[in-house]
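Worksheet for the structure shown next.
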Amino acid sequence: MTWTIELLEAMLVEAADTLRRLPSARPRGYFTTMPTPLRDVVEAVAGDGGAPRRPPPSAAAISRLDQVLCWHPWLSESQWRVVWARAAGVPWRPLCRRLGCGRTKAWQTWVTALVLLKTRLTEAGVAPPRPAEGHGEKTRFSA
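The sequence shown runs contiguously to residue 1302 in our numbering.
As structure tokens, this is what we get:
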């Protein structure tokens, strides 16, 4: 099995999603002694109007996030910004506005960064991850 652009892109998307699902850092020592309010069935079904929160990421997903974040030194700052923004789901127009360049230049930067990552990972002898098997955690990428 070899590294592909699609696999790299899927790993970056999963890493951005994992980072988004990590619990937020809160200062220690602050807590409340107020009991949780009891809700009746109607209130429980209606909820608070927000989207349901996804569960925290698994240890395997966090390990893959760490692996992806180790790729940062291989790319220039502008390449990393474009790659990470695309992985996080930022559309091209706001990304181009933020970078101050056209869509073609941003796309070229993105593709160049992915090819560079593929080349560096292949040269370094890093084995691509295997897809989850059986009953284990399903990943967003398959190979």
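Here a beta-carbon is modelled for each residue, glycine too, at the ideal position from N, C-alpha and C.
| query | Would you report the Cα separation of F1300 and V1274, rounded to the nearest angstrom? | reply | Taking the first residue of the sequence shown as 1, we reach residue 1300 at position 141. Taking the first residue of the sequence shown as 1, we reach residue 1274 at position 115. Any answer about F1300 is weak, because its pLDDT of 46 lies below 50 and its placement is not dependable; what the coordinates show is given next. If I take the Cα positions, the gap works out to 18 Å.
| query | What beta strand (DSSP E) runs, 3 residues minimum, are completely inside the region 1180–1248? | reply | Within the region 1180–1248, no complete beta strand (DSSP E) segment of 3 residues or longer occurs.
| query | Is DSSP giving V1270 helix, strand or coil here? | reply | Residue mapping note: residue 1270 aligns to position 111 of the sequence shown, counting from 1. Helix at V1270.
| query | In terms of alpha-carbon separation, which member of L1197, A1220, G1261 and L1276 lies closest to V1242? | reply | Indexing the sequence shown from 1 puts residue 1242 at position 83. Taking only the C-alpha atoms, the option nearest V1242 is L1276.
| query | Does DSSP put C1255 in a helix, in a strand, or in coil? | reply | As a first step, residue 1255 is located in the sequence shown; it is residue number 96 there, counting from the start. Of the three classes helix, strand and coil, the one that applies to C1255 here is helix, per DSSP.
| query | If A1272 and L1234 are in contact, beta carbons under 8 Å, what's the gap, nearest whole angstrom? | reply | Working through the sequence shown from its first residue, we reach residue 1272 at position 113. Working through the sequence shown from its first residue, we reach residue 1234 at position 75. Right, the Cβ-Cβ distance comes to about 5 Å (below 8 Å), so this counts as a contact.
| query | Applying the criterion that 16 or more other CB atoms from any shown protein chain within 10 Å of the CB defines a buried residue, is A1174 buried or exposed? | reply | For the purposes of this step, residue 1174 is identified with residue 15 of the sequence shown, where counting begins at 1. Buried is the call here.
| query | Which word fits A1246, buried or exposed, when buried means at least 16 other C-beta atoms lie within 10 angstroms of its C-beta? | reply | Here the question's residue 1246 lines up with position 87 in the sequence shown. It is buried - the Cβ of A1246 has at least 16 other Cβ atoms within 10 Å.
| What is the rounded straight-line gap between the Cα of D1176 and the Cα of P1196? | Walking along the sequence shown from the start, residue 1176 turns up at place 17. Walking along the sequence shown from the start, residue 1196 turns up at place 37. Approximately 31 Å between the Cα atoms of the pair.
| Is there contact here, the region 1247–1267 with the region 1218–1227, by at least three beta-carbon pairs under 8 Å? | no
| Alpha-carbon to alpha-carbon, R1179 and T1191 | By one-based count along the sequence shown, residue 1191 stands at place 32. By one-based count along the sequence shown, residue 1179 stands at place 20. About 26 Å.
| Of the residues C1260, T1281 and A1169, which one's Cα is nearest the Cα of Q1238? | Working through the sequence shown from its first residue, we reach residue 1238 at position 79. Cα-wise, what sits closest to Q1238 is C1260.
| query | Helix, strand or coil: which one does DSSP assign to T1177? | reply | Indexing the sequence shown from 1 puts residue 1177 at position 18. Correct three-state label for T1177: helix.
| query | Under a three-way DSSP split, which group does T1161 fall into? | reply | Here residue 1161 refers to the residue found at position 2 of the sequence shown. In the structure shown, T1161 sits in coil (DSSP, three-state: anything other than H, G, I, E or B).
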